[in-house]
Amino acid sequence: MTSWNPSSRSGATPGTGKQNGQQGPGAQREQGRPVQLVHLDEEGGLILDEEALSRCLEQGGVGDAPVCLVSIIGEQRRGKSFLMNCLLRRLQRPEAVDASWMGREDEALGGFKCCNGRETVTKGVWMWDQPFWVQAQGRKVAVFLVDTEGSLDLERRMETSIKLSVFSILLSSYWIFNISSTFTRTETDYLEMFIQVAKEVGGTCNLPPIQRLDLLVRDWSLSEPYGADGGKECLKDITQKLEASAKQPLVLGVLKASSTWCYLLPQPGIEFTRKRAGTPGDMDKYFRQNLCEYISTVVRSAGTHVRTDRAGQVLTGAQLAARIKDVSRYLKTQRYDFSSPVKMAEAFAAMREEINSRAVEATRQEYEQFVQQLDRDHQSMSSCLRVKPAEMQRCLEGKRQELLERCRGELRGEDPQKQAPLKKLEQGLDRLMAQFLTTYRERFKMAEMAEMREKANRKAVEAARQEYEQFVQDLDRDHQSMSSCLSVKPAEMQRRLEGKRQELLERCRGELRGEDPQKQAALEELKQELDKQMNTFLQDYKLRFKMAEMAVMIEEEKSRAVEAARREYEQFVQQLDRDHQSMSSCLRVKPAEMQRRLEGKRQELLERCRGELRGEDLQKQAPLKKLEQELDRLMAQFLTTYRERFKMAETFVAMRQEENRRAVEAARQEYEQFVQELDHDHQSMYSCLSVKPAEMKQHLEGKRWTLLERCRGELQGEDPQKQAALEELKQELDKQMNPFLPAYELRFKVAETEANRKAVEDVKMEYEQFVQEQDHDHQSMNSCLSVEPAEMQQRLERKRQELLKRCQKELRGEDPQKQVALEELEQELDWLMDQFLTTYRERFKVMTYKWWAMRIAETALILAVRRGVFR
10 MTSWNPSSRS GATPGTGKQN GQQGPGAQRE QGRPVQLVHL DEEGGLILDE
60 EALSRCLEQG GVGDAPVCLV SIIGEQRRGK SFLMNCLLRR LQRPEAVDAS
110 WMGREDEALG GFKCCNGRET VTKGVWMWDQ PFWVQAQGRK VAVFLVDTEG
160 SLDLERRMET SIKLSVFSIL LSSYWIFNIS STFTRTETDY LEMFIQVAKE
210 VGGTCNLPPI QRLDLLVRDW SLSEPYGADG GKECLKDITQ KLEASAKQPL
260 VLGVLKASST WCYLLPQPGI EFTRKRAGTP GDMDKYFRQN LCEYISTVVR
310 SAGTHVRTDR AGQVLTGAQL AARIKDVSRY LKTQRYDFSS PVKMAEAFAA
360 MREEINSRAV EATRQEYEQF VQQLDRDHQS MSSCLRVKPA EMQRCLEGKR
410 QELLERCRGE LRGEDPQKQA PLKKLEQGLD RLMAQFLTTY RERFKMAEMA
460 EMREKANRKA VEAARQEYEQ FVQDLDRDHQ SMSSCLSVKP AEMQRRLEGK
510 RQELLERCRG ELRGEDPQKQ AALEELKQEL DKQMNTFLQD YKLRFKMAEM
560 AVMIEEEKSR AVEAARREYE QFVQQLDRDH QSMSSCLRVK PAEMQRRLEG
610 KRQELLERCR GELRGEDLQK QAPLKKLEQE LDRLMAQFLT TYRERFKMAE
660 TFVAMRQEEN RRAVEAARQE YEQFVQELDH DHQSMYSCLS VKPAEMKQHL
710 EGKRWTLLER CRGELQGEDP QKQAALEELK QELDKQMNPF LPAYELRFKV
760 AETEANRKAV EDVKMEYEQF VQEQDHDHQS MNSCLSVEPA EMQQRLERKR
810 QELLKRCQKE LRGEDPQKQV ALEELEQELD WLMDQFLTTY RERFKVMTYK
860 WWAMRIAETA LILAVRRGVF R
């Protein structure tokens, strides 16, 4: 079913889906038409067409929307269907702002069937099957028109009239009481009966008796004004008469209510009354004016008079249809007697009693199911102990009160009529609650006793578990060290633990309370807990024992590794001492350098020993610390002796060093002078090219060797000292020679490059000159034709080859460099040759054409002369 979604349009504008493009939540399915909801059966009873009712109130978005049902009640053949058609026409044309909604003057009103005659036309209850949606109070309301057969039919049984009124009341939230001429005793009696029926229906179906009532007085002729103003005076007069008579308080109460309103209509006119189906043009002007005003007033206010229950809650179309169907089924199945208002009251009382009995029984069953669910949920001891009896009682009382309040709202009738079923329901709920609470208290008490036994057993089990845990912890603490661990093997430790476990299990067996199965379960739980502790400890202990055994082996390996490292370092120190006994060998290594060597060796041995040791880093610290101290001691002893030895050697050598320094400085200066002279003598390109870098290097190395040998003879002291001075001198001479040689090589290469460039340029110029001479010598035809292009190419190639060979001999440097220069030269010569040959071939070709042209011309001349001679 489509949900109801009010439109955002404001105002109280009614309309159908076809006219506005949308009908409430969805488009209108088809053009509306009247459908019969209630009809008479063969026995004179009323039959509800539930399918037609559902089509009107449960589909097209109406099922979830508030509804307003406008119906007209009153005596038969008094124009109720005519008024209904006027309302229909006005709702179908919501855009009209004046009386134009009535249509053309000659257009009869359509919709519900009606005619001006004595026989009633409407049979049963009819409804326009399509709603008219109006916007009111911020929501969309579905407005329906309900046309009811006249209830004041003298020919119909009272039971049928009453039942017809029942359906009229159910299908109405806005009643229009159609009265002819004046409010007489007949109308008062009819209205009283109608109000009685409405009260009974309202009490049974939880509906307000009267929501909105209009007294519409037709053919009023006593006095003016007409319309609402006249209706107010008329209603006042009627209430005053009823107050004076004090006979019909029900009618008086309804007429004095703020929801009751009166409106006076004048006579419609003779022409309209006379015709079978009058048209707007037949109406009297005043009648038409007041009719339009009243109809528009009803349409404008319809959206504010939606169907509600007695509490004022709005009923949707689906909810109202469900109530109507329930009443119809009751009337049909029970065959209630509605032959008089008193019988009707009795019938509705029985109906309310049946409905209330059902509500009470449904509530009782729900409470019973609630109690049964609580019983199932709290069968176990743990779940039962979580909810104390007092708390369970509060829970049951809360549910009981909730159901009583809900049932109070579901019961039909006035509050005194509800008291008996509510009392019966309350007693039934109290009985269920008392029965369950009695059982629950016993269960809770037994659960508490079982819990006490369980606590005592848990206490005994926990004491045994804690004692075993303490025993295991003591064993663990007593065997933490490696020696204590190795003193007890894992098998022996397991026997101790199993003995203690068996002792505790036997003691606990005697302390446990309850039946054997319960004790057995507790003992089994304790046994599993003790086994868990024992297995956990044994697993750790076996690992610890194994690690202790490995630790012993590792300690032995550590001792061997540390001793090996110490002996190796001792031998290293002794070797250094032997190697540096002489003064020269001692002076070659300063004490700081000697200390670095010793520390390097020490660090190397420590790292190597760290890698050889087994175990964690913490376990390696002690042996490594011991080794480090021993190595430091050996190093300190040797360094003390070595520093003294080095100091004595330095004092003895100091004097010799000055003399050796002067000899070295003299040789250095002489070599520096020699290098400067060579540099000065070979600045020019030709002087540079006269001595190749290799030859220059030989000169420099020869001079260096001479100076080194001379200095070797002049130096004093031990060979190492002399060697050190000579090495220093050699470095100084190399320092002077090494910068000079690269610079000289660069200068030589630059000179070579310049010489090669000049040689290449000379060859290129010579070839270019040769080509120009050939070009100059062969400008004329005879000289050009004397040498064919192929021969000219051979001359040029011979000259080119000759120049390339000559240039190759003149070029300097390495073959790759010479090859590059030759390739560049060859490309240049090839380009000059190609340029000239291209020009020469063109020239030769032209000269050849010219020569042949001359020959042909000469031949033609000769032939011409000969032909002339012969003639």
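Residue numbers (this note's numbering): 10 to 880.
C-beta atoms are modelled at their ideal positions from N, C-alpha and C, and glycine is treated no differently.
Note that the structure is predicted; figures quoted are calculated from it, not measured.
Contact check, residue i vs residue j, beta carbons under 8 Å
| i | j | result |
| --- | --- | --- |
| Q139 | S182 | no |
| A151 | V71 | yes |
| I304 | R99 | yes |
| G326 | A74 | yes |
| E114 | T288 | yes |
| L960 | I185 | Only positions 10 to 880 of the chain appear in this structure, which leaves residue 960 out of reach. |
| L394 | E460 | yes |
| I81 | D156 | yes |
| K509 | Y550 | no |
| P398 | R440 | no |
| W137 | L97 | yes |
| L420 | P430 | yes |
| V772 | R815 | yes |
| L273 | V260 | no |
| A560 | M657 | no |
Spatially closest choice to residue i from the options, by CA coordinates
| i | options | result |
| --- | --- | --- |
| Q542 | E507, V769, N215 | E507 |
| R338 | L55, A676, E639 | L55 |
| Q580 | V155, L643, Q810 | L643 |
| K808 | V780, L831, Q826 | V780 |
| S593 | A733, M664, Q745, E116 | A733 |
| M842 | N747, F203, F91, P798 | P798 |
| R553 | E566, C494, H589 | C494 |
| D293 | P825, D228, R316, Y651 | D228 |
| E890 | V44, R319, I871 | The first residue shown for the chain is 10 and the last is 880, placing residue 890 beyond what the model contains. |
| D930 | E67, M856, L46, K528 | In the structure displayed, the chain extends from 10 to 880; residue 930 sits before or after that span and is not available. |
Reduced DSSP secondary structure (H/G/I, E/B, other) of residue i
| i | result |
| --- | --- |
| V150 | strand |
| T193 | coil |
| I219 | coil |
| L521 | coil |
| Q542 | helix |
| A266 | coil |
| A950 | As shown, the chain starts at 10 and ends at 880. That puts residue 950 outside it, with no answer to give. |
| G877 | helix |
| Y183 | strand |
| Q45 | strand |
| W137 | strand |
| R227 | strand |
| L7 | The first residue shown for the chain is 10 and the last is 880, placing residue 7 beyond what the model contains. |
| R864 | helix |
| G88 | coil |
8 Å contact criterion, which residue i and residue j should meet: CB distance rounded
| i | j | result |
| --- | --- | --- |
| F884 | C214 | Residue 884 lies beyond the residue range present for the chain, which begins at 10 and ends at 880; the question has no answer from this structure. |
| K859 | M790 | 6 Å |
| R804 | Q836 | Going by Cβ atoms, the distance from R804 to Q836 rounds to 20 Å, so no, they are not a contact pair. |
| P702 | Y776 | Rounded, the Cβ-Cβ distance is 32 Å, inconsistent with contact. |
| Y376 | R415 | The pair is not a contact, with the Cβ atoms about 11 Å apart (cut-off 8 Å). |
| K433 | V336 | About 24 Å separates the two Cβ atoms, so there is no contact after all. |
Buried versus exposed call for residue i [16 or more other C-beta atoms within 10 Å across all chains shown]
| i | result |
| --- | --- |
| M562 | exposed |
| K93 | Contrary to the premise, residue 93 reads as Met rather than Lys in this sequence. The residue is buried, with at least 16 neighbouring Cβ atoms inside 10 Å. |
| L738 | buried |
| P275 | buried |
| Q730 | buried |
| L709 | buried |
| V829 | exposed |
| Y578 | buried |
| I865 | exposed |
| T195 | exposed |
| V134 | buried |
| G236 | buried |
| I364 | buried |
| Y849 | buried |
Residue i Cβ short of 7 Å to the ligand SAM heavy atom set
| i | result |
| --- | --- |
| S310 | Absent from the structure shown: the ligand SAM. Ligands present: none. |
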